[in-house]
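Visitor: In the working numbering, the protein residues as written are 3 to 439. Glycine included, every Cβ here is placed at the ideal spot set by N, Cα and C. If you're wondering where the values come from, they're calculated on a predicted model, not measured in any experiment. Right, I'll just put the structure down here and ask away after.
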């Protein structure tokens, strides 16, 4: 897995100069099936390249962390685990470089199927239940919503699903009702984006080992969901068509509702991974909201936030896993004073939290600043309020975790940590879990 990650990252890097030069790379693997115009096509453009760089780059770090985590806990079936781990990266890159809607959909489904064994890795009752929820939501929505929407798009476009050129439905003469139903079918069909009410698979998938949680929340799965919605907005409908029917407002307020509600739920979660899971649901909707604002500034902010959230959230999940490996603790209420024992891990948690909240000096500040500018330029005062409220909530559910780890209240520290700080008393997780932080 580690070697495969380096190879794939190297291939992506090799294509970067061509894309930076303003060119697009295209390749057709299969021209069609039984005379039907349904090619399997790949197309490398700026958006796909950025996503591929983030996914393949962080995959290397995740692979290193996974080795330390799995060996540190002496997990079973590690060969199977890492095999599906590697397949998941291939599926993610397939989505990033999809040249048409059909190819994107096929690799989207491939990712769902290849990550299911990772979610159910522990093979206990809780893991099987989480796995059933995972597949029910992801396959149920994609087959029930996204697939019919894709077929209808294929019919209305005259059989052309390519992302090259104008948006697929730009000249399809859709009615307002048709466009609205199609947009919602795609938005909810690509439920890896985690928008409410099709979000419950995400907290349920937290039964998986922490490297899988990082994979789900930062590197691949959820980012594939929001990437697909970005493709739908820009490549299927196009900005002009969505503006014509004012459909960006509908999608934007669904995302805004998800942001606020998920942030409130995160605030109430004592289980650290579940708190991070509900945080992810809200942060993904920042990306969807930026796309829904339908201007270059906000869409640029969405693209930046894919990278910003990936880096910040993977750090937070790595910290949660390191804490569990070193101490067995998984609840926020158990972390008071832990900074005395694990200063590197809790320091990294603080830095990762800054990035997700959007505080300086993080990339998250830049991405959220562009999202706010996009909302302001669209004269969406209500959405500006949503950004403000959600940022306060982000700080409220993250910063106290780091603060109490280093500055606990009197009497709140467990006996084994109730001592002055000393480097000789530091007990971090195995190095393979700490270095990626």
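For a quick check, are the C-beta atoms of residue 181 and residue 113 less than 9 Å apart?
Guide: no
Visitor: Given residue 47, which residues of its chain have a CB within under 6 Å of its CB, disregarding the five upstream and five downstream residues?
Guide: 26
Visitor: Runs of 4 residues minimum, wholly inside the stretch 215-277: which ones carry the alpha helix (DSSP H) assignment?
Guide: 223-233, 241-246 and 249-269
Visitor: In three-state DSSP terms, what is residue 430?
Guide: coil
Visitor: Give the straight-line distance between the Cα atoms of residue 415 and residue 331, rounded to the nearest whole angstrom.
Guide: 14 Å
Visitor: Going by DSSP in three states, residue 377 sits in which element: helix, strand or coil?
Guide: DSSP places residue 377 in helix when its eight states are reduced to three.
Visitor: Below 8 Å on the Cβ atoms is my guess for residue 135 versus residue 202; work out the distance and round it to an integer in Å.
Guide: 7 Å
Visitor: Using a Cβ-Cβ cut-off of 8 Å (strictly less than) and excluding sequence neighbours within five positions of residue 272, which residues of its own chain qualify?
Guide: Once the five neighbours on either side are set aside, the close Cβ partners of residue 272 are 333, 334 and 335.
Visitor: Measuring only the C-alpha atoms, how far is residue 347 from residue 366?
Guide: 20 Å
Visitor: Jot down the residue ranges of each uninterrupted alpha helix (DSSP H) in the stretch 130-184, minimum 4 residues, whole runs only, in chain order.
Guide: 149-158
Visitor: Residue 2 to residue 350, Cα distance in whole Å?
Guide: Missing from the structure shown is residue 2; the chain here goes from 3 to 439 and no further.
Visitor: Is the separation between the beta-carbon of residue 2 and that of residue 286 shorter than 9 Å?
Guide: Nothing can be reported for residue 2, as the shown portion of the chain is limited to 3 through 439.
Visitor: Hey, is the stretch 395-413 in contact with the stretch 259-275, meaning 3+ C-beta pairs nearer than 8 Å?
Guide: yes
Visitor: Determine, using beta-carbon pairs with one atom in the stretch 16-25 and one in the stretch 76-93, whether at least three such pairs fall under 8 Å.
Guide: The stretch 16-25, when compared against the stretch 76-93, does not touch it at the 8 Å Cβ threshold.
Visitor: Nearest-angstrom Cα distance between residue 141 and residue 190?
Guide: One C-alpha to the other measures close to 12 Å.
Visitor: Let me check you understand the geometry: is the CB of residue 155 closer than 8 Å to at least one non-hydrogen atom of the ligand ATP?
Guide: Judged by which ligands are present, the structure shown has none, so any question about the ligand ATP falls away.
Visitor: Please state whether the Cβ-Cβ distance between residue 90 and residue 116 is less than 9 Å.
Guide: yes
Visitor: Exposed or buried, which one is residue 317 when buried takes at least 16 other CB atoms within 10 Å?
Guide: buried
Visitor: Taking just the CA atoms, how far does residue 360 sit from residue 450?
Guide: Residue 450 lies beyond the range of the chain shown here (3 to 439); nothing can be said about it.
Visitor: Just how far apart, CA to CA, sit residue 212 and residue 319?
Guide: 7 Å
Visitor: Can you give the Cα-Cα distance for residue 13 and residue 31, rounded to whole angstroms?
Guide: 18 Å
Visitor: Give the secondary structure of residue 39 by DSSP, where H, G and I count as helix, E and B as strand, and everything else as coil.
Guide: coil
Visitor: Return the bridge partner residues of residue 30 from the DSSP annotation.
Guide: 43
Visitor: Helix, strand or coil for residue 100, going by three-state DSSP, please let me know.
Guide: strand
Visitor: Do residue 374 and residue 389 have their C-beta atoms within less than 9 Å of each other?
Guide: yes
Visitor: Ends of the alpha helix (DSSP H) at residue 399?
Guide: Looking at the DSSP string, the run of the alpha helix (DSSP H) that includes residue 399 is 383-408.
Visitor: Using the DSSP secondary-structure output, state which residues sit across from residue 107 in a beta bridge.
Guide: BP columns for residue 107 are empty, so no partner.
Visitor: Excluding sequence positions up to five away, which residues of its chain have a Cβ less than 6 Å from the Cβ of residue 198?
Guide: Closer than 6 Å at the Cβ level, and outside the excluded window around residue 198, lie 260.
Visitor: Please report the distance separating the alpha-carbon of residue 294 from that of residue 382.
Guide: 11 Å
Visitor: Among the candidates 205, 292 and 339, whose CA atom is the shortest distance from the CA of residue 277?
Guide: 205
Visitor: Taking the alpha carbon of residue 34 as the point to measure from, which residue in 97, 16, 64 and 105 has its own alpha carbon closest?
Guide: Put simply, of 97, 16, 64 and 105 the residue whose alpha carbon is nearest the alpha carbon of residue 34 is 105.
Visitor: Judging by CA-CA distance, which residue of 158, 302 and 258 is the nearest neighbour of residue 238?
Guide: From the listed residues 158, 302 and 258, the smallest Cα separation to residue 238 is found for 158.
Visitor: Could you work out which residue in 409, 250 and 216 is closest to residue 479 when comparing CA atoms only?
Guide: One cannot answer for residue 479 here, as it falls past the ends of the chain, which runs 3 to 439.
Visitor: Tell me which residues share the same chain as residue 296 and place their Cβ nearer than 7 Å to its Cβ, disregarding the 5 neighbours each side in the sequence.
Guide: 241, 244, 245 and 250
Visitor: Out of curiosity, what's the CA-to-CA distance linking residue 55 and residue 11?
Guide: A straight line joining the alpha-carbon of residue 55 with that of residue 11 spans about 7 Å.
Visitor: What's the call for residue 102, buried or exposed, on a 16-neighbour Cβ count within 10 Å?
Guide: buried
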